[in-house]
Amino acid sequence: IFFVFLFWLAHALGYLVHEYAHSFVTWALRYKANPLALHYGHLDFNNVLTLSDIDENVDYDPIFAAGHGPLASLIAIAGVLFGNGLFYLLSRRLYATAKEHGRRTLALFMFLFCMMNAGNFISYVPARTFTSHADMFTVERGLNISPWWIALVLGIPFSVAVWHFFARLLPGAMWFFFPTAKLGQVFLLFVSAF
Numbered sequence: 229i230f231f232v233f234l235f236w237l238a239h240a241l242g243y244l245v246h247e248y249a250h251s252f253v254t255w256a257l258r259y260k261a262n263p264l265a266l267h268y269g270h271l272d273f274n275n276v277l278t279l280s281d282i283d284e285n286v287d288y289d290p291i292f293a294a295g296h297g298p299l300a301s302l303i304a305i306a307g308v309l310f311g312n313g314l315f316y317l318l319s320r321r322l323y324a325t326a327k328e329h330g331r332r333t334l335a336l337f338m339f340l341f342c343m344m345n346a347g348n349f350i351s352y353v354p355a356r357t358f359t360s361h362a363d364m365f366t367v368e369r370g371l372n373i374s375p376w377w378i379a380l381v382l383g384i385p386f387s388v389a390v391w392h393f394f395a396r397l398l399p400g401a402m403w404f405f406f407p408t409a410k411l412g413q414v415f416l417l418f419v420s421a422f
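Mapping of the sequence shown onto my numbering: residues 229 to 422, in sequence order.
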């Protein structure tokens, strides 16, 4: 049960840093009055569990109407680049530090948080690069570029980060958290791949 709680907390934090990154960049560019004003959705079991109803609450139409497409692109990319990107690097470092000091619970949480941020890299590039809506489409529209530019420019560093997570972080975590329990190692591998 404790693992499930840490997993949910890491998921929630990964999701929220993404949405708040959009919101804070929008606020910094003066297109939003309150950076904490996300659309939090309905108070129901599904939204509390998955946060599926929460979004950035950014109105891109006035930004595009003002001829500021590149600023709209910056806001749209902020979630995965600044939110998940910076917190991927931070959580990776905090995981290593917690592991060095033998703080298993903190290390587990930071590992799961790192996993959630790496998962968002996959979720956005390539999964949402060629869509006709949402963040990646807004980036492409704002910069007037082909989705292939997104696939290359972001795809390469995101692929390196995901490779590092699965090739370097995950094997070490499997042995750190489950040094003798093969079933635990398989479970962590399954959860990470899922």
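Note that beta-carbon positions come from the ideal geometry of N, C-alpha and C, so glycine has one too.
- prompt: So, Val308 versus Phe339, is the Cβ gap smaller than 8 Å?
  reply: Position 80 of the sequence shown holds residue 308. Position 111 of the sequence shown holds residue 339. Contact: no.
query = So what's Asp289 in DSSP terms, helix, strand or just coil?
reply = As a first step, residue 289 must be located in the sequence shown, where it is residue number 61. Correct three-state label for Asp289: helix.
Margin query: Ignoring anything shorter than 4 residues, give me the alpha helix (DSSP H) runs that lie fully in the segment 383 to 411, in order along the chain.
Written below: 383 to 392, 398 to 405
Handout entry: Nearest to Gly297 (by Cα), restricted to the options Trp391, Gly242, Arg369, Ala389
Key = Against the sequence shown, residue 297 aligns to sequence position 69. Of Trp391, Gly242, Arg369, Ala389, the residue nearest in Cα terms is Arg369.
Where do the N-terminal and C-terminal ends of the alpha helix (DSSP H) with Tyr352 fall, by residue?
In the sequence shown, counting from the first residue as 1, residue 352 sits at position 124. Taken as a continuous stretch (DSSP letters only), the alpha helix (DSSP H) holding Tyr352 covers 332 to 352.
- Message: Just list the residues that DSSP pairs Asp283 with in beta bridges.
- Response: The residue labelled residue 283 in the question sits at position 55 within the sequence shown. Per DSSP, His267.
Worksheet item: Do Val253 and Ile303 have their CB atoms nearer than 8 Å?
Response: Your numbering for residue 253 matches position 25 in the sequence shown. Your numbering for residue 303 matches position 75 in the sequence shown. Cβ distance < 8 Å, so Val253 and Ile303 count as in contact.
Inset, instruction - Between the Cα of Leu397 and those of Gly383, Tyr316, Val286, Arg331, spot the shortest distance and give me the residue it belongs to. - result: Translated into the one-based positions of the sequence shown, residue 397 becomes position 169. Considering only alpha carbons, the answer is Tyr316.
Quiz prompt | Cβ-Cβ separation, His250 to Ala306 (assumed contact under 8 Å), whole Å | solution = Your numbering for residue 306 matches position 78 in the sequence shown. Your numbering for residue 250 matches position 22 in the sequence shown. So it is a contact: roughly 5 Å between Cβ atoms.
Query raised in the report: Do the segment 353 to 360 and the segment 372 to 389 meet, that is, are 3 or more Cβ pairs less than 8 Å apart?
Result: yes
**Request:** Could you give the DSSP three-state label for Asn312: helix, strand or coil?
**Result:** Position 84 of the sequence shown, counted from the first residue, corresponds to residue 312. Note: Asn312 maps to helix in three-state DSSP.
Buried/exposed call for Gly311, threshold 16 Cβ in 10 Å = Here the question's residue 311 lines up with position 83 in the sequence shown. Counting Cβ neighbours within 10 Å, Gly311 comes out buried, since at least 16 surround it.
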